[in-house]
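**Q**
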Amino acid sequence: MRETAHLIHNYLRSSKWFPHIWCAGCGIGIFMQALIRAIDREGYSKDDIVLISGIGCSGRLPVYVDFNTLHTTHGRALTFATGIKLANPRLKVMTVMGDGDAVAIGGNHFIHAARRNVEIASFILNNNVYGMTGGQTSPTTPYGAKTASSPYGNLEPDFDICRLAEAAGAAFVARATVYHIRFLERLIGMALKKKGFAVLEVIAQCPTHARRFLQLESPVEMMKWQKDNSVSVDKAKQMSDAELEGKTVIGILADRERPNYHEQYYRLLGEKFEV
Ligand SMILES: Cc1ncc(C[n+]2csc(CCOP(=O)(O)OP(=O)(O)O)c2C)c(N)n1
Ligand code: SF4
Ligand SMILES: [Mg+2]
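Numbered per this note's numbering, the sequence shown spans residues 60 to 334.
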């Protein structure tokens with residue numbers, strides 16, 4: 060394990076952009092630490108990696124890390140990422156998106172990036188809410204939750220991001236929480252190495268907005284909830300639907316080989332135009 064000082068010096072724009080904007084106890088910083096550690100452990104050169112985000116609290120992450128970075132428009136991280144991967148396939152392309160960013164406004168881009176199997180490691184920080192804009196309902200807000208935009212209770216059923224990704228064709232689909240940080244780090248490493256569209260949903264608490272409707276006392280309680288309510292994929296296979304109610308299944312949910320988009324694209328270019 061590399062020293063913390065080395066990680067801070069090497070990977071954070073600490074003299075330029077800090078202090079960061081995140082609230083005390085937010086899960087996004089924990090993910091950022093796991094991402095940096097995973098990148099360092101896998102030995103990627105900073106020049107060979109690109110991190111792209113949309114807009115949101117999670118979308119702010121590329122501002123703080125010293126890779127090639129792009130902070131784009133809400134819901135469009137995957138469109139920029141697809142263009143970058145096609146223009147320069149040698150780059151390791153990653154996105155970080157919020158739940159709203161990825162599957163509300165960006166939902167169509169998400170489905171089609173999975174269908175095309177573009178080689179992007181896609182990290183979705185699911186805090187069950189629109190954090191940045193003041194706590195509105197997102198597609199992963201629980202049914203019945205009282206939020207800024209559903210003061211009498213959310214009438215929409217919530218969405219399973221991983222099931223959507225798997226059905227749409229993603230080559231790698233996994234889920235982790237920020238509580239299980241070492242496990243999270245390993246899954247980030249696996250997503251980075253996948254030669255296709257890799258989706259890692261990360262359950263990350265928003266203590267400022269989601270804490271109230273999840274009826275939890277503090278960021279610590281939110282992380283304790285992640286610990287107490289998570290079950291591994293293997294354990295989940297032994298459990299009934301009733302036993303799985305309210306649980307978060309963590310681990311690898313899909314891992315398969317499919318032709319990826321940029322390799323097919325360059326093969327076609329070579330055949331037709333001798334590029
Ligand atoms: C086209 C467009 N529509 C709406 C917004 C306003 N907006 C900014 S962030 C956001 C939602 C953020 O929620 P999420 O993606 O879950 O990220 P979080 O802040 O929770 O990390 C919205 C609606 C915008 N910036 N651009
Ligand atoms: S509003 Fe929520 S998601 Fe945004 S920084 Fe604060 S705690 Fe984190
Ligand atoms: Mg969110």
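Backbone N, C-alpha and C define an ideal beta-carbon position, used for all residues, glycine too.
Buried or exposed: which applies to Y123, given that a residue is buried once 16 or more other Cβ atoms fall within 10 Å of its Cβ?
**A** In the sequence shown, residue 123 corresponds to position 64, counting from 1. Buried: at least 16 other Cβ atoms inside 10 Å.
**Q** Taking 7 angstroms as the limit between beta carbons, can you name the residues of its chain near E225, skipping five residues before and five after?
**A** Taking the sequence shown and counting its residues from 1, one reaches residue 225 at position 166. Contacts found: V232, L312, A313.
**Q** Per DSSP, K151 forms a beta bridge with which residues?
**A** For the purposes of this step, residue 151 is taken as the residue at position 92 of the sequence shown. Partner(s): I108.
**Q** Compute the distance between the beta-carbons of Q264 and M249, then report whether it is under 8 angstroms.
**A** Position 205 of the sequence shown, counted from the first residue, corresponds to residue 264. Position 190 of the sequence shown, counted from the first residue, corresponds to residue 249. No, the Cβ-Cβ distance between Q264 and M249 is not below 8 angstroms.
**Q** What I want to know is whether the C-beta of N186 ends up closer than 7 angstroms to one or more non-hydrogen atoms of ligand 3.
**A** Within the sequence shown, residue 186 is the residue found at index 127, counting from 1. Yes; taking the cut-off as 7 angstroms, the Cβ of N186 has a heavy atom of ligand 3 nearer than that.
**Q** DSSP three-state call for L273: helix, strand or coil?
**A** Taking the first residue of the sequence shown as position 1, residue 273 is located at position 214. Looking at L273 - three-state DSSP - the assignment turns out to be coil, as it is neither helix nor strand.
**Q** So Y70 and D107 are supposed to be a Cβ contact under 8 angstroms. How far apart are they, rounded?
**A** Stepping through the sequence shown from its first residue, residue 70 is reached at position 11. Stepping through the sequence shown from its first residue, residue 107 is reached at position 48. About 14 angstroms; that fails the 8 angstroms criterion.
**Q** Measure from the alpha carbon of S289 to the alpha carbon of each residue in I309, E276, S277, A301, then state which is nearest.
**A** For the purposes of this step, residue 289 is taken as the residue at position 230 of the sequence shown. It is I309 whose Cα lies nearest to the Cα of S289.
**Q** Is the beta carbon of T267 within less than 7 angstroms of some heavy atom of ligand 2?
**A** As a first step, residue 267 is located in the sequence shown; it is residue number 208 there, counting from the start. The answer is yes for T267.
**Q** Shorter than 7 angstroms, the distance from the beta carbon of Y324 to the closest heavy atom of ligand 3, or not?
**A** For this step, residue 324 is matched to residue 265 along the sequence shown. Answer for Y324: no, Cβ out of range of ligand 3.
**Q** State the DSSP-derived secondary structure class of F242, mapped to helix, strand or coil.
**A** Reading the sequence shown from its first residue, position 183 is the one you call residue 242. Note: F242 maps to helix in three-state DSSP.
**Q** Tell me whether the stretch 126-143 and the stretch 157-165 touch, counting them as touching only if at least three CB pairs, one residue from each stretch, are closer than 8 angstroms.
**A** Judged by Cβ distances under 8 angstroms, the stretch 126-143 makes contact with the stretch 157-165, as three or more pairs qualify.
**Q** Which value, in whole angstroms, describes the spacing of the CA atoms of I220 and T307?
**A** If you number the sequence shown from 1, residue 220 lands on position 161. If you number the sequence shown from 1, residue 307 lands on position 248. Rounded to whole angstroms, I220 to T307 spans 12 angstroms at the Cα level.
**Q** What three-state label does DSSP hand E260 in the structure shown?
**A** Within the sequence shown, the letter at position 201 stands for residue 260. Strand.
**Q** Alpha carbon to alpha carbon, how far is R317 from P278?
**A** Taking the first residue of the sequence shown as position 1, residue 317 is located at position 258. Taking the first residue of the sequence shown as position 1, residue 278 is located at position 219. Computed Cα separation, rounded: 39 angstroms.
**Q** Considering only the alpha carbon of each residue, which of I247, Y324, R96 lies closest to N176?
**A** For the purposes of this step, residue 176 is taken as the residue at position 117 of the sequence shown. The option with the nearest alpha carbon to N176 is Y324.
**Q** Is there at least one non-hydrogen atom of ligand 2 closer than 7 angstroms to the beta-carbon of W81?
**A** Counting from 1 along the sequence shown, the entry for residue 81 is found at position 22. Flag set: Cβ of W81 near ligand 2.
**Q** Could you tell me the boundaries of the alpha helix (DSSP H) in which R326 lies?
**A** In the sequence shown, counting from the first residue as 1, residue 326 sits at position 267. Unbroken alpha helix (DSSP H) run through R326: 320-332.
**Q** Can you look up L214 in the DSSP assignment and give me helix, strand or coil?
**A** Taking the sequence shown and counting its residues from 1, the one referred to as residue 214 is at position 155. The answer is coil: DSSP assigns L214 none of H, G, I, E or B.
**Q** Just how far apart, CA to CA, sit K75 and H68?
**A** Position 16 of the sequence shown, counting from 1, holds the residue named residue 75. Position 9 of the sequence shown, counting from 1, holds the residue named residue 68. K75 and H68: Cα-Cα distance of roughly 12 angstroms.
**Q** Taking contact to mean at least 3 C-beta pairs separated by less than 8 angstroms, is the stretch 176-186 in contact with the stretch 137-145?
**A** Result yes; three or more Cβ-Cβ pairs closer than 8 angstroms.
**Q** Measuring CA to CA, which of F242, G329, L150, A295 is closest to R96?
**A** As a first step, residue 96 must be located in the sequence shown, where it is residue number 37. It is F242.
**Q** Based on DSSP bridge pairs, tell me the residues matched to T236.
**A** For the purposes of this step, residue 236 is taken as residue 177 along the sequence shown, with counting starting at 1. DSSP output for T236 lists I262 as bridge partner(s).
**Q** Jot down the residue ranges of each uninterrupted alpha helix (DSSP H) in the stretch 70-94, minimum 4 residues, whole runs only, in chain order.
**A** Fully enclosed alpha helix (DSSP H) runs of 4 or longer: 73-76.
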